[in-house]
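Presented below is the structure to which this report refers.
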Amino acid sequence: MRRRNSDFRRPVRRRFSNVFWLTLCGLAVLLLIILLSRETRDSSSRLVYTKRPYRHDRIADGLNITEEMLRPESMTRQINDQISLAKAILVIAKESNNLQFAWELSAQIRNSQMLLSNAASRRSPLTNGESESAIRDMALLLYQAQQLHYDSATMFMRLKAKIQSLEEQANSFSEKSSKYSQIAAEEVPKSLYCLGVRLTAEWFRSSNLQKKLKEEKQAAAKLVDTGLYHFCVFSDNILATSVVVNSTAMNSKNPDMVVFHLVTDEVNYAAMKAWFTMNSFRGVTVVVQKIEEFSWLNASYVPVLKQLQDSDTQNYYFSGNHDNSRTPIKFRNPKYLSMLNHLRFYIPEVFPALKKVVFLDDDVVVQKDLSALFTTDLNGNVNGAVETCMETFHRYHKYLNYSHPLIRQHFDPDACGWAFGMNVFDLVEWRKRNVTGIYHYWQEKNVDRTLWKLGTLPPGLLTFYGLTEALNPSWHILGFGYTNVDSKLIEKGAVLHFNGNSKPWLKIGIEKYKPLWDKYVDYSHPLLQQCNFH
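This note's numbering puts the first residue of the sequence shown at 66, with every later residue one more than the last.
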């Protein structure tokens, strides 16, 4: 046979060797993979084992009471609901004086709260076994409460009745407080009464009448000099009027140009004359008149005096038995019918020769020079006043009865109110516009007290409606007799007004504001010491 060429022979041995080596390499790789996988499994198992406690803590932290209560079958939520209801019933039980039942309910509430506290501490939900007893015991007590009519409807009715009772008590206390406060505000302190008596005796005992008559004659020219600064005060309070005059004089740049026109009643006339005659006020001219001197001030001309003759008005203000005492006592204060209080509406007739005056209440203190008020342009208006529609003060609808058609038709309910106590009056414009006649019209319309009830401010708002010029608020600061006043306002204020019941000469005066008034009282004066002023 002929031998094949070497290129065409089968490579038997060579193929076998290649397969062998390939198989051997594959086994080696497989063995390496097996070894590595075993090592990884061991290390991961060790990692899981070491982290297992941490994962358990995370799971345990997640089982809090809030999440437990969100579950529909939660025992914790059921117990919490029972506790809330039991606490409400506990209040009713105590109010009903059922102390035994209240004690049992309190004990069960504590037991249920302890059960919830233990479950929260161990960080696991309550089981049916441990919660069943607490739920059953509380349910029995709640059922017993229902038998005692402590159910929600009864509780609501009792609470409503309790609230109504408390409101009635509060209203009663408030009414009594208002009455006592009003009585305290209306009283005449013994020291003030003593001063009036001693001054009256001094006036009639005095032998120096010639000197007094001479001073009056010298002052007569000043009383009608329109180039001077004319102030008027209508009061029966000697000491309060003295503070107004003294504080104005002490703070005036030209006190010799200041003239005070004081009007009082017959009872205090002699005492007022004596006081302002025996004391000097830096050259300020002071003249005292009594209201009885004005013969034109009679019932045929003055609506207020005419109303005083009406029996219903007398009962309303003086008997205290009208309308079953539904009207608050402050509305029935007789001082609101005092002609000294209403004389402000007759200023042009009281001072027929004057053209401009500054009206001051007797409960004010002046701490700035007021001469600039006499050159203030009122722009054709009659009354210059500080508006009071800011913050706690009110607009027209707070003072007037807008259910009455007369008020509703003629006045804007949101019109800005203003204050009596420091007012500049242009008497020329007053006479030209017949302002007193306007006042008479509204006073007569209010004979049945349906337009307003209290004081002189409401008729003033009607009378000077559209005739009032707003002044800078710093001219007149109010509230010293009933509220707190900003210290910055006190510093800037020209006139400080003790409006309200807490007058500075009374024991009920606000202590922190009394020094503002006391600084203008000479407590070393012999008469004040004899009457125990301090």
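Note that the Cβ used here is the ideal one computed from N, Cα and C, for glycine as well. Keep in mind that this is a model prediction, so the values were computed, not measured.
Cross-strand partners of Tyr294 (DSSP beta bridge):
Tyr294 pairs with Val323.
Between the Cα of Phe545 and the Cα atoms of Pro470, Phe269, Tyr578, which residue gives the shortest distance?
The shortest Cα separation from Phe545 among Pro470, Phe269, Tyr578 belongs to Tyr578.
Could you pull the DSSP bridge partners for Lys355 from this structure?
Beta-bridge analysis with DSSP links Lys355 to Thr329.
Verify the CB distance criterion: does Thr515 have a CB-CB separation below 8 Å to chain D?
Considering every chain present, this structure includes no chain D. It has just one protein chain.
Classify His562 as helix, strand or coil using the three-state DSSP reduction.
Strand, per DSSP.
In the structure shown, what three-state DSSP assignment does Val429 receive?
Three-state result, Val429: strand.
Where Asp513 falls, given that 16 or more other Cβ within 10 Å makes a residue buried:
Label assigned to Asp513: exposed.
What does a CB cutoff of less than 6 Å around Ser300 pick up in its chain, not counting 5 residues either side in sequence?
Contacts found: Thr306, Asp427.
CA-to-CA distance, Ala172 to Asp126, given in whole angstroms
Summary for Asp126: the model assigns pLDDT 47, below 50, so the residue's position carries little reliability, and this model does not support an answer.
Met487 (DSSP reduced to helix, strand or coil)
If DSSP states are grouped into helix, strand and coil, Met487 belongs with the strands.
Considering only the beta carbon of each residue, do Gln209 and Ser177 sit closer than 8 Å?
No, the Cβ-Cβ distance between Gln209 and Ser177 is not below 8 Å.
Endpoints, the beta strand (DSSP E) within which Thr533 is located
Unbroken beta strand (DSSP E) run through Thr533: 533-535.
Short of 8 Å in beta carbon distance, which residues of its chain neighbour Asp477, apart from the five on each side in sequence? Order them along the chain.
Listed in chain order, the non-local C-beta contacts of Asp477 below 8 Å within the same chain comprise Tyr461, local neighbours out to five positions each way being set aside.
Would you report the Cα separation of Val489 and Leu522, rounded to the nearest angstrom?
Straight across, the Cα-Cα distance linking Val489 with Leu522 is about 15 Å.
Taking contact to mean at least 3 C-beta pairs separated by less than 8 Å, is the stretch 400-415 in contact with the stretch 433-450?
The stretch 400-415 is not in contact with the stretch 433-450.
Nearest to Val351 (by Cα), restricted to the options Asn316, Ala284, Leu304:
Ranking the options by Cα distance to Val351, first place goes to Ala284.
Is the stretch 545-564 close to the stretch 467-481, with three or more CB pairs under 8 Å?
Here the stretch 545-564 makes no contact with the stretch 467-481; the two share fewer than three CB pairs at distances below 8 Å.
Nearest to Lys572 (by Cα), restricted to the options Glu452, Val310, Glu331, Val253
In terms of Cα proximity to Lys572, the closest of Glu452, Val310, Glu331, Val253 is Val253.
Cys297 and Cys596: beta carbons closer than 8 Å?
No. Outside cutoff.
Between Ala535 and Gly565, what straight-line distance do the alpha-carbon atoms span, to the nearest angstrom?
One Cα belongs to Ala535, the other to Gly565, and the distance between them is close to 22 Å.
Could you check the C-alpha separation between Tyr588 and Phe598 for me, to the nearest Å?
The straight-line gap separating the alpha-carbon atoms of Tyr588 and Phe598 is approximately 7 Å.
Going by alpha carbons, who is nearest to Thr533 out of Ala450, Lys433, Val429, His214?
Measuring from the Cα of Thr533, the nearest candidate turns out to be Ala450.
Check this for me: beta carbons of Tyr547 and Thr528, under 8 Å apart or not?
No, the Cβ-Cβ distance between Tyr547 and Thr528 is not below 8 Å.
Using a threshold of 8 Å, state whether the C-beta atoms of Val429 and Val349 are closer than that.
Contact flag unset, no.
So for Trp548, helix, strand or coil by DSSP?
Per the sequence shown, the amino acid found at residue 548 is Thr instead of Trp. Annotated three-state conformation of Thr548 is coil, per DSSP.
Measure the C-alpha to C-alpha separation of Lys553 and Leu543 and round it to an integer number of angstroms.
When rounded, the separation of the alpha-carbon atoms in Lys553 and Leu543 is 13 Å.
What does Glu414 pair with, by DSSP beta-bridge criteria?
None; Glu414 has no bridge partner.
With a threshold of 6 Å on Cβ separation, who are the neighbours of Val447 within its own chain once the five nearest residues in sequence on each side are excluded?
Excluding sequence neighbours, Val447 sits near Asp491, Glu494, Trp495, Val500, Leu532.
List the whole-angstrom C-beta distance separating Ala335 from Phe238, where the pair is believed to meet the contact cut-off of C-beta under 8 Å.
About 43 Å separates the CB atoms of Ala335 and Phe238; that is not less than 8 Å, and the two are not in contact.
If you compare alpha carbons, which of Leu419, Val423, Leu191 is closest to Gly486?
Nearest of Leu419, Val423, Leu191 to Gly486, Cα basis: Val423.
Whole-number beta carbon distance between Phe439 and Lys421, since they are thought to touch under 8 Å:
Contact between Lys421 and Phe439 holds: CB atoms are separated by about 6 Å, below the 8 Å threshold.
According to DSSP, is Thr141 helix, strand or coil?
DSSP places Thr141 in the helix class (H, G or I) of the three-state scheme.
With respect to 7 Å, is the separation between the Cβ of Asn333 and the closest non-hydrogen atom of the ligand GTP below this value?
By its list of ligands, the structure shown contains no ligand whatsoever, and the ligand GTP lies outside what it can speak to.
How many Å lie between Lys371 and Gly525 at the Cα?
Those two C-alpha atoms are separated by around 19 Å.
Identify, in the order they occur along the chain, each residue of the same chain with its Cβ nearer than 7 Å to the Cβ of Asn549, setting aside the five sequence neighbours on each side.
Around Asn549: no qualifying Cβ.
Does DSSP put Gly449 in a helix, a strand or coil?
If DSSP states are grouped into helix, strand and coil, Gly449 belongs with the strands.
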